[in-house]
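The block underneath contains the structure these notes are about, expressed in C-alpha cells.
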Amino acid sequence: MRKIIAVILVLFLSLALAGCSKKGASTTNQNIKTLVDGYQNSMVSYYSVKSMQDSSLLINQVNDSLKKVEDSKKKLEQLTGINETVTDAKIKAELSNFIDLGRERERIVMKYLDDLRRDLDYKYRNPDAQVDINKYISQIPNNLLDLEYQSKQSNDRLQQLLVKK
Numbered sequence: 005m006r007k008i009i010a011v012i013l014v015l016f017l018s019l020a021l022a023g024c025s026k027k028g029a030s031t032t033n034q035n036i037k038t039l040v041d042g043y044q045n046s047m048v049s050y051y052s053v054k055s056m057q058d059s060s061l062l063i064n065q066v067n068d069s070l071k072k073v074e075d076s077k078k079k080l081e082q083l084t085g086i087n088e089t090v091t092d093a094k095i096k097a098e099l100s101n102f103i104d105l106g107r108e109r110e111r112i113v114m115k116y117l118d119d120l121r122r123d124l125d126y127k128y129r130n131p132d133a134q135v136d137i138n139k140y141i142s143q144i145p146n147n148l149l150d151l152e153y154q155s156k157q158s159n160d161r162l163q164q165l166l167v168k169k
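Numbering (the working numbering), first residue to last: 5 to 169.
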C-alpha cells in the first residue's frame with residue numbers, strides 16, 4: 005500500500021514539475037517574442053537613414069537615431085541574457101543568429117550615424133567648409149539593407165519556432 009502511494013506521489017510530483025517547466029518555457033518564449041518585436045520596432049532602418057536630408061533639424065534627427073540605436077542594443081543584450089536560458093536547440097540557434105545580425109546592423113548604423121554627426125559638427129563649426137551631407141546620406145551602405153532583410157527572415161523563422169512550442 006505504501007509503495008502504491010509513493011509511486012502515485014512521485015508520478016504526481018513529476019507531472020507537476022513538467023507542467024511548471026512548460027509554463028517557464030512559455031514565459032521565456034513570450035519574453036523572446038516581446039523583445040524581438042520591441043527590437044524590430046525600435047531599430048533605425050535603412051530607409052529612415054536614407055530619407056534624412058541636410059537641414060537645421062538633421063543634427064536632432066541624428067541624435068534621436070543614436071538614442072534609438074542604444075535602445076536597440078539594450079534589447080539585444082536582454083535577448084542575449086534570455087538566450088542563455090533557452091533549452092530548445094533550434095530556438096537557441098535561431099535567436100543567436102537574430103542577435104548576431106542585429107549586432108552587426110547596430111554596429112553599422114552606429115558608425116554611420118556617428119560619422120554623420122561628426123561631419124555635421126564640423127560643418128556647423130566651420131560654415132565656410134564644403135561638406136556635402138546629402139551625398140554622404142545617399143552613400144549609406146547597401147549591406148545594411150541586406151542585414152535588415154536577413155534579420156526579418158530570421159525573425160520569421162524564430163516566430164514559427166516559438167509558435168510551435
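Each residue gets a CB set at the ideal place from its N, CA and C atoms; glycine is no exception. Please read all numbers here as calculations on a predicted model, not as lab measurements.
Inset, instruction - Compare the beta carbon distance of residue 140 and residue 125 with 8 Å and say whether it is the shorter of the two. - result: no
Inset, instruction - Please name the residue in 79, 158, 152, 70 whose C-alpha comes closest to that of residue 115. - result: 70
Legend entry - Contact belief for residue 166 with residue 95 at Cβ below 8 Å, rounded distance in angstroms: 7 Å
Inset, instruction - Whole angstroms is fine: what's the gap from residue 161's alpha carbon to residue 45's? - result: 18 Å
Legend entry - Residues near residue 75 in its chain [Cβ-Cβ closer than 8 Å; skip 5 each side]: 46
Legend entry - Supposed contact pair residue 43 and residue 80 - C-beta distance, whole angstroms, cut 8 Å: 6 Å
Legend entry - Segment limits, alpha helix (DSSP H) that includes residue 141: 137-142
Inset, instruction - In the DSSP assignment, find the unbroken alpha helix (DSSP H) run with residue 130 in it and report its ends. - result: That residue, residue 130, is in no alpha helix (DSSP H); it is neither H nor E in DSSP.
Inset, instruction - Give the range of the alpha helix (DSSP H) segment to which residue 146 is assigned. - result: First-last for residue 146: undefined, no H or E at that position.
Inset, instruction - Answer yes or no: do residue 86 and residue 39 have a C-beta to C-beta separation smaller than 8 Å? - result: yes
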